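What follows is a set of notes on a single structure, which appears directly below.
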Amino acid sequence: MSLVYLVLQDNDNARYLVDGITHDNPHAVVQHQPAMIRIEAEGRLEIRRDTMEERLGRAWDVQEMLLDVITIGGNVDEDDDAFVLEWKN
Amino acid sequence: MTANKKKLGLKDKYRYLTRDLDWEPSYQDKKDIFPHEDFEGIKITDWDKWEDPFRLTMDSYWKYQAEKEKKLYAILDAFAQNNGQQTISDARYVNALKLFLGGISPCEYQAFQGFARVGRQFSGAGARVACQMQAIDELRHVQTQVHAMSHYNKHFNGLHDFAHMHDRVWFLSVPKSFFDDARTAGPFEFLTAISFSFEYVLTNLLFVPFMSGAAYNGDMATVTFGFSAQSDEARHMTLGLEVIKFMLEQHEDNVPIIQGWIDKWFWRGNRLLSLVGMMMDYMLPNKVMSWAEAWEVYFEEAGGALFKDLERYGIRPPKYVEQCPIAKQHVSHQAWATFYQYSQATNFHTWMPSDEEMDWLSAKYPETFDQYYRERFTFWREQQEKGERFYNNTLPQLCQVCQIPTIFTEPDDATQLSHRSHVHEGERYHFCSDGCCDIFKNQPEKYVQAWLPVHQIYQGNCGGSDVESVVRDYYNINIGEDNFEYLGSPEHQRWLEWKGLNPAVAPLPKAS
Numbered sequence: 001m002s003l004v005y006l007v008l009q010d011n012d013n014a015r016y017l018v019d020g021i022t023h024d025n026p027h028a029v030v031q032h033q034p035a036m037i038r039i040e041a042e043g044r045l046e047i048r049r050d051t052m053e054e055r056l057g058r059a060w061d062v063q064e065m066l067l068d069v070i071t072i073g074g075n076v077d078e079d080d081d082a083f084v085l086e087w088k089n
Numbered sequence: 090m091t092a093n094k095k096k097l098g099l100k101d102k103y104r105y106l107t108r109d110l111d112w113e114p115s116y117q118d119k120k121d122i123f124p125h126e127d128f129e130g131i132k133i134t135d136w137d138k139w140e141d142p143f144r145l146t147m148d149s150y151w152k153y154q155a156e157k158e159k160k161l162y163a164i165l166d167a168f169a170q171n172n173g174q175q176t177i178s179d180a181r182y183v184n185a186l187k188l189f190l191g192g193i194s195p196c197e198y199q200a201f202q203g204f205a206r207v208g209r210q211f212s213g214a215g216a217r218v219a220c221q222m223q224a225i226d227e228l229r230h231v232q233t234q235v236h237a238m239s240h241y242n243k244h245f246n247g248l249h250d251f252a253h254m255h256d257r258v259w260f261l262s263v264p265k266s267f268f269d270d271a272r273t274a275g276p277f278e279f280l281t282a283i284s285f286s287f288e289y290v291l292t293n294l295l296f297v298p299f300m301s302g303a304a305y306n307g308d309m310a311t312v313t314f315g316f317s318a319q320s321d322e323a324r325h326m327t328l329g330l331e332v333i334k335f336m337l338e339q340h341e342d343n344v345p346i347i348q349g350w351i352d353k354w355f356w357r358g359n360r361l362l363s364l365v366g367m368m369m370d371y372m373l374p375n376k377v378m379s380w381a382e383a384w385e386v387y388f389e390e391a392g393g394a395l396f397k398d399l400e401r402y403g404i405r406p407p408k409y410v411e412q413c414p415i416a417k418q419h420v421s422h423q424a425w426a427t428f429y430q431y432s433q434a435t436n437f438h439t440w441m442p443s444d445e446e447m448d449w450l451s452a453k454y455p456e457t458f459d460q461y462y463r464e465r466f467t468f469w470r471e472q473q474e475k476g477e478r479f480y481n482n483t484l485p486q487l488c489q490v491c492q493i494p495t496i497f498t499e500p501d502d503a504t505q506l507s508h509r510s511h512v513h514e515g516e517r518y519h520f521c522s523d524g525c526c527d528i529f530k531n532q533p534e535k536y537v538q539a540w541l542p543v544h545q546i547y548q549g550n551c552g553g554s555d556v557e558s559v560v561r562d563y564y565n566i567n568i569g570e571d572n573f574e575y576l577g578s579p580e581h582q583r584w585l586e587w588k589g590l591n592p593a594v595a596p597l598p599k600a601s
């Protein structure tokens with residue numbers, strides 16, 4: 001299975017995102033590099049709105065991740081509830 | 090349309106924007122409205138299948154982009170107000186920015202022009218909206234980059250006339266010709282070249298590890314514009330992948346055409362990135378990862394997953410990709426050696442790596458650095474210490490396609506320069522590789538028109554009868570300020586002053 005990945009700016013928003021992502025994707029591997037955080041996972045990775053809202057204690061729009069993302073690898077599918085990265089083979 | 094729900098979901102909003110705002114023309118033929126849609130041979134049977142996975146609508150687009158800009162400019166202001174230029178790792182680092190400003194930022198502008206043009210040419214509204222947003226993104230990138238680097242222009246040399254230099258200076262013809270080539274292609278080839286091959290497969294190598302390196306060298310301004318731009322690239326990459334899948338799913342006749350474009354644009358991008366390899370390995374005083382390591386993560390791993398995914402459409406990895414695992418061990422050294430020799434004709438400085446830096450290169454390139462490059466670099470350093478800093482006064486042979494001097498070695502023999510030639514209508518043309526030679530043979534009528542800087546100088550089209558007057562008058566490079574060796578340059582002296590070392594008294598640091 002191929003790796004999907006997501007790279008975030010290492011900022012305050014990212015702390016919650018990384019926390020939420022590792023909660024929902026226990027197979028994800030988090031790497032800290034200068035100014036950025038790379039999260040990679042076999043096959044699939046998702047960011048869920050409900051998990052983020054629980055952590056932030058406020059309404060969270062899935063598209064807010066656009067502010068902090070640096071790059072991604074994998075097929076994207078996004079709707080109101082989740083942002084999903086996936087390789088389907 | 091009737092909206093049933095009070096608040097539309099993402100999917101509905103996107104559908105209304107990209108489908109319901111479009112219309113079928115009633116009094117004009119569609120072919121007359123979109124005259125460039127057919128000539129490349131790409132067959133589109135149903136534009137409704139076009140999908141943007143981010144489903145970004147204009148209202149959200151403006152909202153998020155505005156927020157990105159506010160964050161970015163707050164940081165640029167803070168950097169300038171706090172004299173951030175004094176806290177970077179070393180003044181040598183700024184030379185990478187000079188290359189960035191002349192070589193990359195104007196290409197962002199070219200990308201804007203390209204997307205604005207092709208966005209007009211698609212009859213599918215989804216594709217038009219995507220191109221429109223990307224055109225605006227690219228314009229934002231060039232503006233923020235120019236703003237960020239204008240601060241460096243107040244304190245460092247060589248940044249004063251990047252747009253003029255982009256059009257004229259010999260090595261800047263490498264990125265310029267890449268985008269000229271893409272922009273003069275049809276709309277579908279342009280998307281394959283820029284959205285897919287460049288954005289999806291290659292830009293990570295520039296905007297992720299190099300920008301992380303900028304942060305590691307204390308350049309808060311550059312890392313911020315870089316990551317801010319790259320946050321748009323995440324959308325562009327997604328678009329690039331969707332574009333390819335869309336074209337491949339539309340008609341099986343599209344597959345061989347797209348494969349040809351992937352082969353061509355992968356190779357062109359790979360050559361272009363040699364410059365970035367050199368920036369990573371030689372121009373970042375504090376190092377994050379080597380070029381070869383970056384290539385492994387962002388091309389071999391990420392590209393491997395991508396091409397495995399595309400296999401089901403009958404797409405194979407790009408032609409000559411098997412040469413890359415060898416080339417990644419060499420290109421940065423070969424490019425830096427070239428720029429070192431021709432520093433009299435560049436708007437940035439070069440230098441030989443210190444002993445410590447050479448040891449890092451040996452560790453990162455155990456199969457090549459000591460064997461092929463260390464001795465040459467040590468010899469040049471010794472020459473320099475004797476006061477005989479080497480400059481090469483013979484202009485190099487350029488490749489007709491990528492426009493890089495023919496500096497690369499054979500994939501199977503690192504002691505032989507790679508050189509190919511081909512006769513077209515009685516003229517002989519020269520190339521750096523089989524990859525570039527193939528590109529020429531497929532479209533000779535395009536590449537015979539290439540504006541090759543060295544040829545133009547010899548033909549007398551760049552003014553002046555010697556290199557110095559071309560560099561001074563045609564390129565607008567300030568001789569003795571912007572060019573030549575870093576050690577002892579006015580910029581080096583200024584840096585010593587900032588750091589409290591009196592350059593008049595302090596001896597020049599030895600090159601080792």
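Protein sequence lines, in the order shown, are assigned to chains A and B. Just so we're aligned, residue 1 is where the first sequence starts under the numbering used here, counting upward by one. Just so we're aligned, residue 90 is where the second sequence starts under the numbering used here, counting upward by one. C-beta: ideal position from N, C-alpha, C; glycine also. On a predicted model such as this, the values are computed, not experimentally measured, just so you know.
For the region 322-352 of chain B, the set of residues with a beta-carbon nearer than 9 Å to any beta-carbon of chain A comprises E322, A323, R324, M326, T327, L330, E331 and K334, in chain order. Listed along the chain, the chain A residues whose CB falls inside 7 Å of the CB of K119/B amount to none; the nearest CB is some 30 Å away.
Around the beta carbon of P114/B, fewer than 16 other beta carbons sit within 10 angstroms, so the residue counts as exposed. Rounded to the nearest whole angstrom, the CA to CA distance from F428/B to L186/B is 15 Å.
For a Cβ distance threshold of 8 Å, nothing in chain A lies close to N171/B: the least Cβ distance comes to about 18 Å. At a Cβ-Cβ threshold of 8 Å, G20/A and I47/A count as neighbours.
Within chain A, no residue has its CB atom less than 8 Å from the CB of Y162/B, the nearest being about 14 Å off. Annotated as proximal: D370/B and S421/B, with beta-carbon spacing under 8 Å. Sequence-distant Cβ neighbours of L541/B in its own chain, meaning closer than 8 Å and more than five residues away, are S262, L487, Q489 and Q492. For S301/B, the residues of chain A that pass the 8 Å Cβ criterion are Q33, P34, A35 and M36, in the order they occur in the chain. By the Cβ neighbour-count rule, R181/B is buried, with 16 or more other Cβ atoms within 10 Å of its own. Going by DSSP, G203/B is part of the alpha helix (DSSP H) stretching over S194 to Q210. Under DSSP, F520/B shares a beta bridge with R509/B.
For E86/A, the uninterrupted beta strand (DSSP E) segment begins and ends at A82 to E86. With contacts defined as CB atoms closer than 8 Å, Q199/B and F260/B fail to qualify as a contacting pair.
The region 393-403 of chain B makes no contact with the region 524-533 of chain B; the number of CB pairs closer than 8 Å stays below 3.
D141/B is classed as buried because its beta carbon has at least 16 other beta carbons within 10 Å across all chains shown. Contact between the region 474-485 of chain B and the region 511-520 of chain B is not established, with fewer than three Cβ pairs separated by less than 8 Å. Considered as a whole, the region 433-475 of chain B harbours 444-453 and 463-474 as its complete alpha helix (DSSP H) runs of no fewer than 4 residues, in chain order. Interface with chain B (8 Å Cβ-Cβ cutoff): T71/A is included.
At the C-beta level, N565/B and Q433/B stay beyond 8 Å of one another. With its beta carbon less than 8 Å from one in chain B, E78/A belongs to the interface.
Within the DSSP bridge table, the entry for A41/A names V4/A as partners. The region 358-443 of chain B is shown to contain no whole beta strand (DSSP E) run of 3 or more residues. Residue environment for E197/B: buried (at least 16 other C-beta atoms within 10 angstroms of its C-beta). In this structure, DSSP gives T51/A a helical state, which the three-state scheme calls helix. Residue pairing for H32/A: DSSP places it in a beta bridge opposite I37/A.
Counting only the Cα atoms, E385/B lies some 33 Å from L576/B. Note on H230/B: 16 or more other CB atoms within 10 angstroms of its CB, so buried under the neighbour-count rule. Within the region 3-25 of chain A, contact with chain B at the beta-carbon level (separation under 8 Å) is assigned to L3, V4, Y5, V7 and Q9. Between R15/A and G349/B, the alpha-carbon positions lie close to 43 Å from each other. Contacts with chain A at 8 Å (Cβ-Cβ) do not include K530/B.
Our two residues, L337/B and G173/B, have alpha carbons roughly 48 Å apart in a direct line. Shortest Cα-Cα distance from V84/A to any of D118/B, D148/B, T327/B and Q170/B involves T327/B. Less than 8 Å divides the Cβ of T311/B from the Cβ of A237/B. With the criterion set as a beta carbon lying under 8 Å from some beta carbon of chain A, the members of the region 391-417 of chain B are A391, G393, A394, L395, K397, D398, E400 and R401, in sequence order.
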